[in-house]
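What follows is a short report on a single structure.
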Amino acid sequence: MISTFIESGAVPTEKALINQHWVNGGIVVKDRSLTSYGETAGRSGLAIPGFVDLQVNGHGGMDLLSAKTVSDIKQVSKSLYSQGVVGYLPTLITGPKSETLRVMALIENAKREAESDEAKILGIHLEGPFISTAKPGVHPLEHFQIPNLDLIGEYLRAGTVSIVTIAPELPGAIGVIKHLTAMGIVVSLGHSNATAEEAHAGFDAGAKTVTHLWNAMPPMTLRSPGLVGVALERDDVTIQIIVDGVHVAPEVVKATIAAAPDRFIVTNDAVAPAGLGEGKFPFGTFEVEVKAGRAVRSDGVLAGGVESLYGSLNLLLDLGVNLESAIASMSSRPAALIGQGHIGNLDLGAPVQVIPA
18 MISTFIESGA
28 VPTEKALINQ
38 HWVNGGIVVK
48 DRSLTSYGET
58 AGRSGLAIPG
68 FVDLQVNGHG
78 GMDLLSAKTV
88 SDIKQVSKSL
98 YSQGVVGYLP
108 TLITGPKSET
118 LRVMALIENA
128 KREAESDEAK
138 ILGIHLEGPF
148 ISTAKPGVHP
158 LEHFQIPNLD
168 LIGEYLRAGT
178 VSIVTIAPEL
188 PGAIGVIKHL
198 TAMGIVVSLG
208 HSNATAEEAH
218 AGFDAGAKTV
228 THLWNAMPPM
238 TLRSPGLVGV
248 ALERDDVTIQ
258 IIVDGVHVAP
268 EVVKATIAAA
278 PDRFIVTNDA
288 VAPAGLGEGK
298 FPFGTFEVEV
308 KAGRAVRSDG
318 VLAGGVESLY
328 GSLNLLLDLG
338 VNLESAIASM
348 SSRPAALIGQ
358 GHIGNLDLGA
368 PVQVIPA
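If you count the sequence shown from 1, position 124 lands on 141 in my numbering, and the numbers rise without skipping.
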């Protein structure tokens with residue numbers, strides 16, 4: 018299932034998903050924007066909104082933390098757009114503070130200079146440095162920090178931050194979560210060794226979501242549900258999950274969606290090799306190698322994903338997830354989580370893509 022955005026013309030689709038409701042008939046597009054729909058009986062294909070991805074570390078050969086120029090950031094935006102993404106959060110893993118601030122400035126400039134063939138930068142996702150040394154993933158331990166308002170303030174002054182990932186069990190975390198929530202910034206719990214009680218405390222303080230559920234956190238057990246169990250149990254928590262056939266087993270993906278059918282969001286934690294083939298690529302302060310669809314560090318630790326959201330959509334449909342919910346998980350739901358609901362819906366003036374029926 019591969020598609021690109023329609024440039025211009027009448028497209029005889031079977032139906033279009035307009036504001037999360039199917040409308041029979043074709044569509045008309047001009048200059049990449051939907052101008053009318055439902056006027057022509059269609060034959061094949063489905064018109065759907067562009068995707069929204071809340072966790073993108075890199076794409077098309079470019080790692081965001083390695084970016085040196087605005088053009089480097091735009092390379093990521095263009096590559097994402099070519100794979101159906103209309104909006105995203107450039108995501109910065111833990112790194113030297115000076116480098117993080119430098120790249121945040123580049124992202125802000127790229128946002129101002131956006132072109133029509135680029136995925137729109139909707140904000141910034143800080144995946145570190147306020148995470149647990151017990152669950153680092155591939156984040157470099159030497160740059161981890163205890164949550165504190167002074168450092169948070171430096172980051173917030175450097176760019177438009179939409180999501181901050183925090184381990185709620187860290188000293189000072191609850192106060193920072195409350196502060197960010199009061200500012201309208203989404204807090205996501207992740208890279209965490211939290212107990213169930215600590216996870217509840219984080220959500221009660223204002224955290225709304227979880228960064229790549231199941232990954233970089235303890236597994237749920239019978240008497241120790243941890244962050245996973247709490248996120249699945251609480252109806253006020255939006256679950257972000259990687260659906261690429263690598264990070265989380267299909268059975269676990271299916272069980273997760275069964276527990277949270279209307280509150281799961283798909284991301285693929287994309288890294289620089291995403292959109293390309295096999296090879297070695299930069300990622301922050303180290304290198305990752307892609308083989309057989311897996312991006313790994315030299316020690317074998319998974320280092321992000323390379324699957325497209327088209328691929329994720331196919332995987333969800335193979336698991337029996339209904340099409341509307343699958344599409345919402347990578348369009349309207351992630352957009353709504355960060356207060357950008359207009360981006361994740363297909364309506365007049367929006368970019369439109371067509372997938373096979």
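Here a beta-carbon is modelled for each residue, glycine too, at the ideal position from N, C-alpha and C.
Neighbourhood of residue i by C-beta, 7 Å cutoff - its chain only, sequence neighbours within 5 removed
| i | result |
| --- | --- |
| Val103 | Gly67, Phe68, Val69, Ala136, Lys137, Ile360, Pro368 |
| Lys152 | His208, Ser209, Asn210, Ala233, Met234 |
| Asp134 | Lys95, Tyr98 |
| Val313 | Val305, Glu306, Leu319, Ala320 |
| Val338 | Ile274 |
| Pro146 | Thr111, His160, Phe161, Gln162 |
Rounded straight-line distance, which links the Cα of residue j to that of residue i
| i | j | result |
| --- | --- | --- |
| Asn210 | Leu187 | 9 Å |
| Gly42 | Thr86 | 44 Å |
| Glu56 | Met237 | 51 Å |
| Gly322 | Val288 | 6 Å |
| Ile355 | Thr284 | 14 Å |
| Gln100 | Ala275 | 28 Å |
| His38 | Ile256 | 23 Å |
| Gly170 | Ala131 | 26 Å |
| Ser329 | Ile202 | 27 Å |
| Leu168 | Gly176 | 13 Å |
| Asn362 | Glu31 | 18 Å |
| Ile183 | Lys225 | 11 Å |
| Arg119 | Tyr54 | 44 Å |
| Asp89 | Glu295 | 20 Å |
| Gly189 | Leu166 | 9 Å |
| Ile35 | Ala352 | 15 Å |
| Leu340 | Gly292 | 24 Å |
| Lys114 | Glu159 | 11 Å |
| Ser25 | Ala64 | 14 Å |
| Lys128 | Pro107 | 10 Å |
| Ile191 | Asp364 | 39 Å |
| Asn126 | Ser241 | 45 Å |
| Ile259 | His229 | 6 Å |
| Gly317 | Ala345 | 33 Å |
| Gly154 | Leu333 | 25 Å |
Per-residue burial, residue i [other beta carbons within 10 Å of its own, 16 or more giving buried]
| i | result |
| --- | --- |
| Glu268 | exposed |
| Val93 | buried |
| Trp231 | buried |
| Val307 | buried |
| Ile163 | exposed |
| Val265 | buried |
| Glu324 | buried |
| Asp286 | buried |
| Phe220 | buried |
| Gly75 | buried |
| Val150 | One detail in the question is off: residue 150 reads as Thr in this sequence, not Val. So Thr150 counts as exposed. |
| Met347 | buried |
| Arg174 | exposed |
| Met79 | buried |
| Asp335 | exposed |
| Pro278 | exposed |
First through last residue of the beta strand (DSSP E) which encompasses residue i
| i | result |
| --- | --- |
| Pro66 | 63-66 |
| His38 | 38-41 |
| Gln100 | First-last for Gln100: undefined, no H or E at that position. |
| Val181 | 178-183 |
| Lys225 | Per DSSP, Lys225 belongs to no beta strand (DSSP E) and is neither H nor E. |
| Lys32 | 32-35 |
| Val247 | Counting along the chain, Val247 falls outside any beta strand (DSSP E), though it belongs to the alpha helix (DSSP H) covering 243-250. |
Residue i, enclosing alpha helix (DSSP H) - first and last residue
| i | result |
| --- | --- |
| Phe220 | 213-221 |
| Val283 | From DSSP, Val283 is part of no alpha helix (DSSP H) but of the beta strand (DSSP E) over 281-284. |
| Leu168 | 166-175 |
| Thr255 | Unbroken run through Thr255 is the beta strand (DSSP E), 255-259; no alpha helix (DSSP H). |
| Ser349 | 349-354 |
Bridge-paired residues (DSSP) for residue i
| i | result |
| --- | --- |
| Arg311 | Lys308 |
| Tyr54 | Ile44 |
| Pro299 | Glu304 |
| Thr108 | His142 |
6 Å CB neighbourhood of residue i in its chain, flanking five on each side removed
| i | result |
| --- | --- |
| Leu249 | Ala276 |
| Gly366 | Ser50 |
| Arg311 | Val263 |
| Ile148 | Ala184, His208 |
| Ile23 | Val46, Val369 |
| Leu123 | Ala84, Val87, Ile90 |
Residues near residue i in its chain [Cβ-Cβ closer than 8 Å; skip 5 each side]
| i | result |
| --- | --- |
| Pro157 | Thr111, Gly112, Gly301, Thr302, Phe303 |
| Ser61 | Pro29, Thr30, Glu31, Pro373, Ala374 |
| Arg280 | Asp252, Val254, Thr255, Ile256, Arg350 |
| Lys14 | A query on residue 14 cannot be resolved here, the shown segment of the chain reaching from 18 to 374 and no further. |
| Met121 | Leu109, Ile141, Tyr172, Ala175, Gly176 |
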